[in-house]
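K.L.:
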Amino acid sequence: MAYTTSYGGSNSGFQVGQNLGHITNQFLQSETSWNQACLRDLRTTDPKHDKDRIQNTNGGLLKDSYCWVLDNDEFQQWRDNQNNCLLWIKGDPGKGKTMLLCGIIDELTRLFGDTANISFFFCQATDVRINNATAVLRGLIYSLVEKQLLLLSHVQRRYDKAGKALFEDINAWNALSRIFTDILKDPALQSTYLIIDALDECTSGLLPLLDLVAQISSAYPQVKWIVSSRNWSDIEERLDTIQTTPISLELNELLVSEAVGKFIQHKVHHLARVKKYSDETRDTICHYLSLNSQGTFLWVALVCQDLDRTSRRHALKKLEAFPPGLNALYGRMIDQVRNSEDAELCKQILASMSIVDNEILSEIISTCGSFLTLRDDTIIFVHQSAKEYLLSEAQDEIFPRGKEAGHQAIFLRSFQVMFQTLRRDILQINFPGFTIDKVGQPSTNPLAHAQYACVYWIDHLQDGSYHESGDPSLDEGGLVDVFLRQKYLHWLEALSILGNLCQGIVGMLRLEGLLQKRGEPQALLHQVRDASRFIRYHRLVIQNSPLQLYCSSLIFSPLQSITRKRYQNESPSWVLNEPVADNHWSPCLQTLEGHCHQVNSIDWSKDRSRLASASSDNTVRIWDPTTGQCTSTLEGHSSSVNSITWSPGGGRLASASHDKTVKIWDPTTGQCASTLEGHSKSVIAIAWSQDGSRLASMSEDKTAKIWDLATSRCIFTVEKFHSEGYGGPVTWITWSQDGSRLASASRDSIVRIWDPVTGQCILHLEGHSASVSSVSWSQDGRQLASASADKTVRIWDPATGHSASILKGHSDEVMSIVWSRGGNRLATWSNDKIVRVWNPITGQCTSILKGHRNSVRLVAWSQDGSRLASASIDKTVRIWDPATGQCTSTLEGHSAPVSSFSWSQDGRQLASASADKTVKIWDPATSHSASTLERHSDEVTSIVWSQDGSQLASASWDKTVRIWNPITGHCTSTLEGHSRQVNSVAWSQDGSRVASTSFDNTVRIWDPATGHCVSTLEGHSGWFRSIAWSQDGSRLALASLDDTIRILDPSTGQCKLNLEGHSDTVSSIGWSACGSRLASVSDDKTVRIWDSATGQCEWTLLINSPGFVQFYKHDHNFLHTTIGTVNIRSDAFVTSASNLSKSVPEIRGFGLNSDFSWVTHNGVNLLWLPAEYRPASSSLFAIFATTVAICCPSSRILFLSLSELSSLSRF
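Structure, rendered in structure tokens:
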């Protein structure tokens, strides 16, 4: 009876201890609890609670203070006119805007009750939870879905995939914008009023928020908006783009003053009751406040707050000391601070509060006048205007030695805190592969007091007194130097835990710039540069698994890296050797990973601040090239995105897709502004005209279209682009800089220049001997470069059609080409995985950029030519420094991709076969190639050792099998007879026979001693991918392309058994030592165990990417695979609760996870592999005992000697 066993294989979960491979329970949550989890994670604060807090803080909501606005003409026009969607209440600080909106919210709630959604949000600059655009959207969405729960489905769809990260990661704004827009489109949405208070206190993302408000106001007139802010020009500029109804509190001064008068009466009468004022005292206070308030609610509130702390008999005397106006009142408060017993302490607190970028905690605020207040044990300013006053009018008072000295003091205190707090594995995670999203919140957060210091110390260092000649902080041996030597990795770990690694990247770049300005010391500058490269190169793994800092980051940094050398003692003890790495940092500055399919196109924004990429995963991503973070993911295409390009001004993005459309995007909001439809097949290329008014698109439907972007209409269609008279399909299209010409590349090897007005071809450029894949104009339009499958690049004079020069050097088809902005350099990229930079005048190659694991699809220069970005089929985007592009060190390796490798039986040697026509034998102890075997005349496809290790057999596309002496490197025999390429070879156990399979559909049995073919097994309908002898040599198993396995008698050629069951090609097979079992691996992601006597399948293991299979020599219940060793005994399986016919095998030992990015131990991620060190397939990963061999994209072999299993048991 066959059983089916399941193993997830992604290795993305966290399994330790008793969980090894036996996690089988499936947790089913009810819809209600899942909804509650979504709402809980969406909520930052509850806007209703914020409203209650604000009203309570101000002594309650007084109807007389806001009812005037309900009779205001502008308010009523907004309320009653369907076309007036946006009401803007604007006024200076302290004019009562917030309480006014509280009153309007109450009035709208009273009018509409449950028949309308009243969703609101109160921004506050001093509270990080509610001072940014993302928080505004979270609050508005939370209010809407809480009122209409069915709207939660718009959130839930994305939440199911991303969890809480949907609301907090780098893409949160774009994701929430789309969710918000979807909710407002929902026909089930009730009448909706959206209210945002204090836009001027939205300190992060204000402009995108304003753009979104404007966009929604125009698109959804059924939604009514109210916003409030100060009289800021940039807010007015954005809101003026739509029909806005403004209410200026300054223009309604009389009404506001009347409201303030009623507020004064309310506050003073309350004081009189509490303080037992006489009627005369009460009236005197009322009169004084009315004369001096200047129509400012905040002034009245601050004075009444001070009077509340003053005894009754001193009230009138104290009253006379309050000057009119906010600034004058703040000045008096400063005088109070100056004259207090704790004046210096108060000034230090106020100084720190004025320049820190976040909130700080303290127990003492009462002595600081009325500037500060306490909320949830956190000190905040009573109002944003108080902070502004301190930084403008009272700066000399609170910063007697200058603001720079204040920054310096905070910097020094930050260092003190970090040195006391930071240490390795501060959360005691222990396991190096554990991801930060799995870390639970500790009962006592060890980073609580160091959080501010970790994030902002570089800011305060830069803004402090560093420019003074006597400042020792940046000297060699100074604080920064010591910090980088002793605490740098611990700081990066803390930043990862805090979710602030990107701030660390930006900070290190700023520190580097700071040292460059000083010009010395050079040693510290070099250390900072190295530390900056370290954090950028390893960003992805540090961000996700902070303890990999001490593992992957140190192991795979260059040998000469200062950071690696400084922290060598932190390296993991379970890596027993020092793997060979580059000597110096590569020209690649960043590797951007995130797309789940190949990247087809990239383009820099004009200001170099953003990089856009298009992928076959149907998305466009926008990246911050400084931090490597994906800032936005644009979703909307229903098929692969083939091309992406920024508009000349950088305000729009255009994308072309296999779904036959072109989309124009607003990169700020992530919204699709328009969709251009008209092509009948895939759109493969697009190009903007220089003025951004037109767009050219090229399609597989054999047409090119020119679009007017103002109307989204096609101006005209060039039908002849792919007609029979013009040869093969066009592969590329591009505008000249002045927009007067279009150039196209074609598969018929001809470059054509077109008149975009008439659609006529005006010039043919002929010279390439194969398909032309790309063309590119120089900036001045005087030159045109073309890239071809003939491995060359040609530079043409477009006026005469003559080829001015030919650039040669690539070893495969040149895919594309692009000029630098200055026109003095050309970048080309090829299927040889290499990017080359050329001098177009001399024709010399000035830089060779290697690192991609697969073909490069596109390259783009930054505007200043200092950076080069490349996109590849390997799903990554890389950012290069072309100035340092020369290879700084050469590590021994193949010069072309490795196709196969094999361990010797004793594990002392590894042989690799390559497309460079050679076989290399490697010494794992030194990581160097011991010898190179050269005799094949074509790609070597397979390599295998004889059982005693005395011989090697190699198969090649040159139709031969060669037998080698690995000690001398001599070819002892050449086995000839196949009529087509040989793809697989295998030794019999006693070494007396060699079997080979070929594309000629035959299997040949050879005597390696004589070189004679003993027998030829013919009659098969297809070729075989893998071949294996049984231990006794009596049977031969072959894996066929038809998804079956055949067991043959090698002496007669007869098929004894045909094993059927796989649903895809079988890639690897292996016999047990006793010959009773056969294991097979298939592309259907299963491993099957067969009874070789009956042909029955005993087990089906659902294992993702198992790679190879090999039975353990002494026990056929254990199976070695790429992911580790599988125990296939029946009692080693646990029945799955979800399917009684499925079981889960136990995974032991070292292996490779499903996307090849982690070395695993017992099925759990252990060591991250950077992109440059990952195998292209599971067949290029091999294990012998505890030594791992990995074929890198550069075709060199990496060896990792790992600790015995017992040394890792604590994990």
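Numbering (UniProt numbering), first residue to last: 1 to 1211. Note that beta-carbon positions come from the ideal geometry of N, C-alpha and C, so glycine has one too.
#1: Looking at the structure shown, is valine 303 part of a helix, part of a strand, or coil, going by DSSP?
#2: By Cβ distance, which residues of its chain are closer than 6 Å to phenylalanine 1199, with the 5 residues on each side in sequence left out?
#3: Whole angstroms is fine: what's the gap from arginine 1196's alpha carbon to glycine 809's?
#4: Considering only the beta carbon of each residue, do leucine 991 and glutamine 947 sit closer than 7 Å?
#5: What residue range does the beta strand (DSSP E) around lysine 663 cover?
#6: Among Leu271, Asp906, Gln441 and Leu1102, whose alpha-carbon lies nearest the alpha-carbon of alanine 301?
#7: To which residues of the same chain is aspartate 691 closer than 8 Å at the C-beta, ignoring the five residues directly before and after it?
#8: Once the 5 residues before and after alanine 1073 are set aside, which same chain residues still bring their CB inside 7 Å of it?
#9: Select from Thr1052, Ala1009, Gly1075 and Asp1083 the residue whose C-alpha is nearest the C-alpha of alanine 1039.
#10: Is it true that the CB of phenylalanine 121 sits closer than 7 Å to the CB of proline 47?
#11: With a threshold of 6 Å on Cβ separation, who are the neighbours of leucine 1167 within its own chain once the five nearest residues in sequence on each side are excluded?
#12: Just to confirm, are serine 1068 and phenylalanine 1108 a CB contact at a threshold of 7 Å?
#13: Between lysine 90 and serine 248, is the Cβ-Cβ spacing less than 7 Å?
#14: Measuring only the C-alpha atoms, how far is leucine 708 from aspartate 481?
#15: Is threonine 98 helix, strand or coil when you go by DSSP?
#16: By how many angstroms is the C-alpha of serine 769 removed from the C-alpha of serine 937?
#17: Which whole-angstrom value describes the C-beta separation of cysteine 85 and serine 217, a residue pair presumed to lie in contact below a C-beta threshold of 8 Å?
#18: Determine the burial state of asparagine 839: buried for a count of at least 16 other Cβ atoms within 10 Å of its Cβ, exposed for fewer.
#19: Cα-Cα, which of Trp1071, Asp1042, Phe419 and Ser1076 is closest to histidine 1062?
#20: DSSP beta-bridge partners for asparagine 117?
#21: Which residue marks the beginning of the beta strand (DSSP E) containing phenylalanine 1181, and which one marks its end?
#22: Alpha helix (DSSP H) containing isoleucine 141: first to last residue?
#23: Do you know offhand how far residue 1258's Cα is from aspartate 50's?
#24: Spatial neighbours of aspartate 916 within its chain, please: CB distance less than 7 Å, with the 5 preceding and 5 following residues excluded, ordered by chain position.
#25: Are three or more beta carbon pairs between the region 520–529 and the region 409–424 nearer than 8 Å?
#26: Tell me serine 870's beta-bridge partners as DSSP assigns them.
#27: For the alpha helix (DSSP H) holding glutamate 813, just list the boundary residues, first then last.
#28: So, under 8 Å CB-CB, glycine 1151 and isoleucine 1123 are touching, yes? Tell me the CB distance rounded to an integer number of Å.
#29: In or out: asparagine 600 buried (at least 16 other Cβ within 10 Å) or exposed?
#30: Return the first residue and the last residue of the alpha helix (DSSP H) that tryptophan 922 is part of.
#31: How big is the Cα-Cα spacing for serine 143 and valine 155?
#32: Can you name, in chain order, every residue of its own chain whose Cβ lies under 7 Å from the Cβ of glutamate 700, other than the five neighbours on each side?
#33: In whole angstroms, give me the CA-to-CA distance for glutamate 107 and glutamine 77.
#34: Just how far apart, CA to CA, sit leucine 184 and arginine 157?
#35: Leucine 1036: which of Ser830, Ala986 and Gly1011 sits nearest, CA to CA?
P.N.:
Quick look at the numbers:
#1: When secondary structure is reduced to three states using DSSP, valine 303 falls in the helix class.
#2: So the list reads Pro924, Ser927 and Ala1189, once near-sequence residues are dropped.
#3: Rounded to the nearest angstrom, the two C-alpha atoms are 21 Å apart.
#4: The residue you asked about is not leucine; residue 991 is glycine in the sequence shown. Contact: yes.
#5: For lysine 663, the enclosing beta strand (DSSP E) starts and ends at 661–666.
#6: It is Leu271 whose Cα lies nearest to the Cα of alanine 301.
#7: Listed in chain order, the non-local C-beta contacts of aspartate 691 below 8 Å within the same chain comprise Pro648 and Gly739, local neighbours out to five positions each way being set aside.
#8: So the qualifying residues of the chain are Gln1031, Phe1111, Lys1113 and His1116.
#9: When each option's Cα is compared against that of alanine 1039, the closest is Asp1083.
#10: For proline 47 and phenylalanine 121, yes; Cβs fall inside 7 Å.
#11: Answer for leucine 1167: Cys551, Ser552 and Val1159, listed in chain order.
#12: Result yes, Cβ atoms of serine 1068 and phenylalanine 1108 sit closer than 7 Å.
#13: Lysine 90 places its beta carbon less than 7 Å from that of serine 248.
#14: Correcting the residue identity first, residue 708 is aspartate in this sequence and not leucine. Taking the straight line from one Cα to the other gives about 57 Å.
#15: DSSP places threonine 98 in helix when its eight states are reduced to three.
#16: Inter-residue distance for serine 937 and serine 769 is about 25 Å (C-alpha atoms, whole angstroms).
#17: Confirmed, about 5 Å.
#18: With fewer than 16 other Cβ atoms within 10 Å, it is exposed.
#19: Scanning Trp1071, Asp1042, Phe419 and Ser1076 for the CA closest to the CA of histidine 1062 turns up Asp1042.
#20: Answer is Thr192, bridged to asparagine 117.
#21: First-last of the beta strand (DSSP E) with phenylalanine 1181: 1181–1184.
#22: DSSP places isoleucine 141 in the uninterrupted alpha helix (DSSP H) bounded by 133–147.
#23: Here the chain comprises residues numbered 1 to 1211, so residue 1258 is not present and cannot be evaluated.
#24: So the list reads His894, Ser895 and Ala896, once near-sequence residues are dropped.
#25: Contact between the region 520–529 and the region 409–424 is absent, because fewer than three Cβ pairs lie under 8 Å.
#26: When beta bridges are read from the DSSP output, serine 870 appears opposite Val859 and Arg878.
#27: In the DSSP annotation of this structure, glutamate 813 is not part of any alpha helix (DSSP H), being labelled neither H nor E.
#28: Taking 8 Å as the upper bound for CB-CB distance, glycine 1151 and isoleucine 1123 are in contact here, some 4 Å apart.
#29: Counting of Cβ neighbours within 10 angstroms places asparagine 600 among the buried residues, the total reaching 16 or more.
#30: Boundaries around tryptophan 922 are those of the beta strand (DSSP E), 918–923, since no alpha helix (DSSP H) includes it.
#31: About 13 Å.
#32: Spatial neighbours of glutamate 700 in its own chain (CB-CB distance under 7 Å, excluding positions within 5 residues in sequence) are listed in chain order as Lys681, Ser682, Ile684 and Pro729.
#33: If you take the alpha carbons of glutamate 107 and glutamine 77, they lie about 16 Å apart.
#34: Looking at the two C-alpha atoms, the distance is approximately 16 Å.
#35: Nearest of Ser830, Ala986 and Gly1011 to leucine 1036, Cα basis: Ala986.
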